[in-house]
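Quick mapping for you: the protein sequence lines, in order, are chains P and A. Add 184 to a position in the first sequence, counting from 1, and you land on the number used in our numbering. Add 65 to a position in the second sequence, counting from 1, and you land on the number used in our numbering. Ideal Cβ placement from N, Cα and C applies to all residues, glycine included. Worksheet: the structure to be examined is printed underneath.
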Amino acid sequence: MSSEPTTAGTTAREPNHGRIVIVAWIILSLIATPLVAIYLGPIIPPGNGTAQGTEQVFDNQVMTTLITPLLCLLLVYFVYTLTEFRAKAGSTADGPAIRGDSRVQFIWIVTTALMTLALAAFGTFELLQTGSGGGQGPSPIAFPANHQNAFEVQVIGQQWQFTYRYPSLNGMESNQLVLPEHTTIVFHVTSLDVIHSFWAIELGIKADANPGVDNVAYAVTNGPMTFHVRCAELCGLWHGFMFNNGKVVPQAQFDSWAKGAEALYAPIAKYVPAYSHIYLPDPQRRAG
Amino acid sequence: MTIARRLIGYNLLSGIVLGVVGWYVGWYGAHAVVGPSLDYFGDIDYNELSVFLAYLGGVIGFLIGLGFLHYPIQRLRGYPPSLREKETEGIGRYFSLCTDHKVVGIQYLWGVGLFFFIGGLHAMLIRFQLLSPSREAFSAGTYLTIVGIHGTMMMGIMTSGILGPFANYLVPLMIGSRRMAFPRIESLTFWLLMSAATILQTTVFFGGFPTGWTGYAPLSNQSNPGMDCYILFFALVGISITLLGLNMCATIVTMRAPGLTWTRLPIFVWGALSTATLMVLAAPVLIAVLSMEALDRTAQTTFFITAAGGSSYLYENLFWVFGHPEVYILALPGFGIVLELLPVFARKPLWGYRLAVAGMMGVALLSWFVWQHHLFVSGMNGDLRPFYMLSTELISIPTGFTFLCGMMTLWRGQIRFTVPMLFCCAWFFNFLLGGLSGVFLSDTPSDVTTHGSFFSMAHFHYTIMGGLVFAFFAGIYYWGPKMFGYELNERLGKIHFWTMFIFFNSTFMPLFAIGFLGQPRRVVTYAHWLQFLNDWASVSAFLLGASMLVFLYNLVSSVFFKKIPAAANPWNSLSMEWQLPTPVPVHNFDKIPVFSSDPYGYGEGPTPTFTPAGAPAGRD
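Next up, the structure:
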């Protein structure tokens with residue numbers, strides 16, 4: 185691989201293309217990167233409903249900021265190259281026979297490798313903070329503060345709705361998801377039939393509901409809010425309709441809701457199986 | 066009488082007739098062997114075994130009718146071996162078993178094209194339903210079947226989308242060979258793919274299937290007999306691409322002309338080789354997992370049913386062990402085409418040949434170590450997530466190699482903006498956005514929100530449609546004159562390009578936002594406040610579909626009506642296939658050429674890259 189820059193057809197008066205691209209790239213990056221970091225980064229969902237959501241927002245902010253200069257470089261490069269090196273109409277000339285440049289290769293490989301490793305290291309660091317709201321399987325490895333005393337909520341997916349059980353409220357089962365504010369929550373997600381995925385959108389929580397598996401996800405709620413829950417894994421005919429709303433409420437309001445919900449639950453309590461992290465019901469008939 | 070004599074024999078018509086016969090033999094044969102109700106879910110309405118055996122009988126009958134048993138039977142009866150079948154006949158060779166790799170390439174182009182358009186029509190139906198958040202154009206079940214057929218058809222058929230037509234046609238020409246290593250297997254892969262695609266479409270007669278292209282168990286265990294069509298489709302595609310890859314590897318490794326060393330091989334052939342290697346290794350896993358699913362549905366095994374000792378993770382893992390190399394099987398030939406075309410239109414040698422090869426081989430190697438990034442929130446072992454995040458992000462390094470080689474090839478070139486070149490430039494733009502959006506999916510914390518949402522759907526459309534399909538069209542416009550023998554209209558080509566490029570981005574760009582804002586994939590209904598973005602995407606998608614009609618018109622009018630003969634080398638390429646006359650003679654080379662350099666010596670003076678009259682015609 186030779187790095188011979190001059191060939192027939194190149195004259196001394198030709199502008200220094202490389203310098204133009206680099207200067208244009210630096211200027212564009214200096215403008216675009218802060219704009220992206222300040223204005224675009226923070227508004228990327230899921231928002232600040234939970235500490236885990238905040239983590240994801242920060243993560244997205246860092247990544248969009250990091251890739252902006254890269255995007256700028258490639259855009260500047262392509263715009264410049266495709267306009268500047270366009271052949272004249274009817275031209276049959278060939279370009280210079282450059283077959284490689286080990287310096288450019290070296291810089292590119294080292295830079296991309298460092299960026300990649302930095303991204304992976306950053307992502308790992310972020311993930312191991314509090315789990316970022318993702319399902320971690322039956323034996324989680326990343327915990328938020330005070331997780332030993334977390335408020336436990338079980339999410340049961342079945343075709344085609346989520347139901348919620350609150351073991352601290354005598355295993356009460358409800359079709360409403362209500363959570364106390366400023367509390368560490370542990371979701372135990374499982375399924376009765378096929379694979380669902382519990383996605384509390386504004387909380388930044390997603391965990392697959394697998395039959396016979398206890399999938400654990402942590403969340404630390406902030407102030408009162410309403411959020412949406414959708415199923416994010418194709419689960420059959422009415423998958424698109426498998427959604428409802430949930431609420432984060434102050435503790436007092438939560439207590440009064442719990443009392444009412446327990447009263448509603450009392451008459452059917454004896455038909456509901458004892459609280460467990462997994463349930464293995466008899467196989468269902470075909471459901472589309 | 067002559068017409069009747071033509072219709073009788075080994076051809077498509079006999080294949081269809083015997084296929085139908087075989088279908089009924091299988092259907093009623095299975096009824097005779099077992100009664101209905103042979104699965105874990107205790108259904109009594111259908112006999113799944115009948116569906117499987119009917120289609121297997123149909124495929125076997127179809128292949129017999131095409132003549133695939135003729136040769137082995139003749140050999141058993143003591144006749145001497147022969148290689149060529151239907152290599153010199155007229156139009157009829159396109160509708161039968163033909164061992165000419167050029168005929169198979171053309172067959173693939175039209176066959177893949179047909180089912181690509183059918184898959185695209187299903188995409189139009191999906192976007193039609195999503196015009197409204199709540200009204201039903203289709204019932205929920207029909208909608209899921211449409212989604213499933215679109216995804217499965219595109220993934221299954223377009224896996225062979227570049228290796229089928231272009232590599233089959235071009236690799237022997239590029240490496241100075243008269244044929245592929247296994248010409249009959251080459252033809253078999255095509256007809257298997259066509260029968261598979263037909264079977265997938267017939268799923269509508271069995272109630273469709275609700276699982277999308279991933280076919281996750283246990284949902285697939287409990288769904289309609291239409292699911293069996295999905296299983297048969299993908300398993301047959303698996304067999305087809307295993308054989309295609311095997312044939313391709315054998316050809317490239319063993320049949321190169323003298324002087325064509327590994328460092329002189331056209332980069333497209335390297336792309337085909339890396340893809341073919343992945344095909345041979347990945348597709349058998351798919352066949353295995355679908356066989357297990359077929360047993361679950363027919364023979365009462367419970368591989369994937371947790372309550373009976375199985376595991377749904379088993380399916381997910383096995384599927385993605387195939388599935389992730391699969392997406393690089395889709396992407397790599399695109400790299401090959403783009404890097405092959407850039408030197409021709411920038412009039413410069415390929416920059417960093419070895420780096421480009423290392424990039425493609427590196428992607429092929431790393432693609433084996435990333436599959437669990439599809440399962441970040443599935444409840445997989447938590448300790449493994451940092452590893453899969455790292456391995457996934459590492460793939461951007463070899464991908465970056467090919468990017469650098471492409472970009473630097475353009476640098477200080479004499480760039481000619483022909484239609485294929487425009488598609489190559491668009492490929493960079495699309496693949497860049499696809500790759501950068503992939504960063505968010507590979508990062509586990511960010512993936513918590515983007516996984517399973519429209520964001521991931523937009524991401525893989527940017528890489529597969531923006532990467533593979535744009536490269537596919539670059540290939541058609543570039544090699545079309547050689548393959549068809551007729552020129553394609555350049556003005557229509559440019560209209561096609563600009564409409565496709567603009568509306569492709571206009572369709573999929575908003576879907577990134579829709580995904581982040583909380584719309585999961587494959588839903589028939591969505592939040593009302595996302596209607597504007599969805600409608601924008603739908604209208605753009607219809608216009609994207611319309612741009613395909615421009616292409617179709619261009620292709621049909623140029624090839625069947627205007628018929629302007631193409632020059633032998635309209636692009637002034639140095640590559641071997643363009644040094645042959647158009648149309649390419651049946652046996653390609655009078656004498657096997659001897660290569661003396663790679664085909665990228667632009668700007669290096671008039672040194673020929675090969676000697677036409679080298680070795681005597683000794684092969685085959």
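C-beta atoms of residue i and residue j nearer than 8 Å
i: isoleucine 264 of chain A; j: methionine 218 of chain A; result: no
i: isoleucine 385 of chain P; j: phenylalanine 411 of chain P; result: yes
i: tryptophan 92 of chain A; j: leucine 72 of chain A; result: no
i: isoleucine 332 of chain A; j: glutamate 405 of chain A; result: yes
i: glycine 341 of chain P; j: alanine 401 of chain P; result: no
i: proline 198 of chain A; j: arginine 414 of chain P; result: no
i: cysteine 419 of chain P; j: glutamine 345 of chain P; result: no
i: phenylalanine 369 of chain A; j: serine 377 of chain A; result: yes
i: proline 390 of chain A; j: alanine 347 of chain A; result: yes
i: serine 352 of chain P; j: glutamate 336 of chain P; result: yes
i: threonine 367 of chain A; j: alanine 373 of chain A; result: yes
i: tyrosine 234 of chain A; j: glycine 303 of chain A; result: no
i: threonine 268 of chain A; j: isoleucine 191 of chain A; result: no
i: leucine 257 of chain A; j: serine 305 of chain A; result: yes
i: phenylalanine 496 of chain A; j: glycine 531 of chain A; result: yes
i: threonine 514 of chain A; j: glycine 233 of chain P; result: no
i: leucine 195 of chain A; j: asparagine 599 of chain A; result: yes
i: leucine 363 of chain P; j: glycine 430 of chain P; result: yes
Residue i versus residue j: straight-line alpha-carbon distance, rounded
i: valine 82 of chain A; j: glutamine 338 of chain P; result: 57 Å
i: methionine 473 of chain A; j: asparagine 637 of chain A; result: 21 Å
i: phenylalanine 181 of chain A; j: isoleucine 222 of chain A; result: 7 Å
i: alanine 471 of chain P; j: serine 518 of chain A; result: Low confidence applies here, because alanine 471 of chain P scores a pLDDT of 47, under 50, leaving its location unreliable; read the following figure in that light. The straight-line gap from Cα to Cα measures roughly 24 Å.
i: valine 659 of chain A; j: glycine 670 of chain A; result: 19 Å
i: glutamine 139 of chain A; j: glycine 401 of chain A; result: 40 Å
i: glutamate 154 of chain A; j: phenylalanine 133 of chain A; result: 18 Å
i: tyrosine 618 of chain A; j: asparagine 554 of chain A; result: 10 Å
i: tryptophan 209 of chain P; j: aspartate 278 of chain P; result: 28 Å
i: alanine 536 of chain A; j: methionine 565 of chain A; result: 13 Å
i: tryptophan 278 of chain A; j: glycine 417 of chain A; result: 38 Å
i: leucine 645 of chain A; j: valine 236 of chain A; result: 14 Å
i: isoleucine 579 of chain A; j: threonine 224 of chain A; result: 28 Å
i: glycine 178 of chain A; j: tyrosine 281 of chain A; result: 28 Å
Contact set for residue i: own chain, Cβ-Cβ below 7 Å, skip 5 residues either direction
i: tryptophan 601 of chain A; result: Pro575
i: leucine 464 of chain P; result: Gly396
i: serine 612 of chain A; result: His561, Thr564, Met565 and Phe568
i: lysine 413 of chain A; result: Thr474, Gly478, Tyr667 and Gly668
i: leucine 78 of chain A; result: Leu72
6 Å Cβ shell around residue i - same chain, five flanking residues per side excluded
i: valine 577 of chain A; result: A small fix is needed here, since residue 577 of chain A is phenylalanine in this sequence, not valine. The answer, listed in chain order, is Phe520 and Ala523.
i: glycine 123 of chain A; result: Gly84, Gly87 and Trp88
i: proline 328 of chain P; result: Thr314, Thr368, Tyr402 and Val404
i: isoleucine 462 of chain P; result: Thr374, Gly396 and Asp398
i: glycine 157 of chain A; result: none
i: phenylalanine 538 of chain A; result: Phe488
i: phenylalanine 255 of chain A; result: Val169, Gln172 and Tyr173
First through last residue of the alpha helix (DSSP H) which encompasses residue i
i: glycine 229 of chain A; result: Looking at the DSSP string, glycine 229 of chain A is not in any alpha helix (DSSP H), and its letter there is neither H nor E.
i: alanine 262 of chain A; result: 248-266
Interface partners of residue i on chain D, CB under 8 Å
i: alanine 281 of chain P; result: Of the protein chains in this structure, namely P and A, none is chain D.
Residue i, enclosing beta strand (DSSP E) - first and last residue
i: glutamine 287 of chain A; result: Element bounds for glutamine 287 of chain A: n/a, residue is neither H nor E.
i: cysteine 415 of chain P; result: 409-415
i: methionine 356 of chain P; result: 356-358
8 Å Cβ shell around residue i - same chain, five flanking residues per side excluded
i: tyrosine 691 of chain A; result: There is simply no residue 691 of chain A to check, as chain A begins at 66 and stops at 685 in what is shown.
i: leucine 397 of chain A; result: Gly336, Ser339, Thr340, Leu343, Met425, Val428 and Ala429
i: proline 630 of chain A; result: Gly550, Tyr551, Glu552 and Thr647
Q. Would you say the segment 606-618 of chain A touches the segment 499-513 of chain A, given that touching needs at least three Cβ pairs under 8 Å?
A. No, the segment 606-618 of chain A does not touch the segment 499-513 of chain A.
Q: Please determine if the segment 248-258 of chain P and the segment 211-226 of chain P are in contact, where contact requires at least 3 C-beta pairs separated by less than 8 Å.
A: By the Cβ rule, the segment 248-258 of chain P counts as touching the segment 211-226 of chain P, because three or more pairs are nearer than 8 Å.
Q. Taking one C-beta from the segment 441-459 of chain P and one from the segment 314-328 of chain A each time, how about it: are there three or more such pairs within less than 8 Å?
A. Too few Cβ pairs lie closer than 8 Å, so no.
Q | Segment contact flag, the segment 205-217 of chain A with the segment 271-280 of chain A, C-beta cutoff 8 Å, min 3 pairs | A | Enough Cβ pairs lie closer than 8 Å, so yes.
Q) Does the segment 422-439 of chain P come close enough to the segment 585-599 of chain A that 3 or more CB-CB pairs lie under 8 Å? A) As far as the Cβ criterion goes, the segment 585-599 of chain A touches the segment 422-439 of chain P, which means the pair count is three or higher.
Q) Is the segment 419-436 of chain A touching the segment 266-283 of chain P, taking contact as three or more C-beta pairs under 8 Å? A) The segment 419-436 of chain A vs the segment 266-283 of chain P: no contact.
Q. Is the segment 449-468 of chain A close to the segment 290-303 of chain P, with three or more CB pairs under 8 Å?
A. Contact between the segment 449-468 of chain A and the segment 290-303 of chain P is present: 3 or more CB-CB pairs across the two stretches fall below 8 Å.
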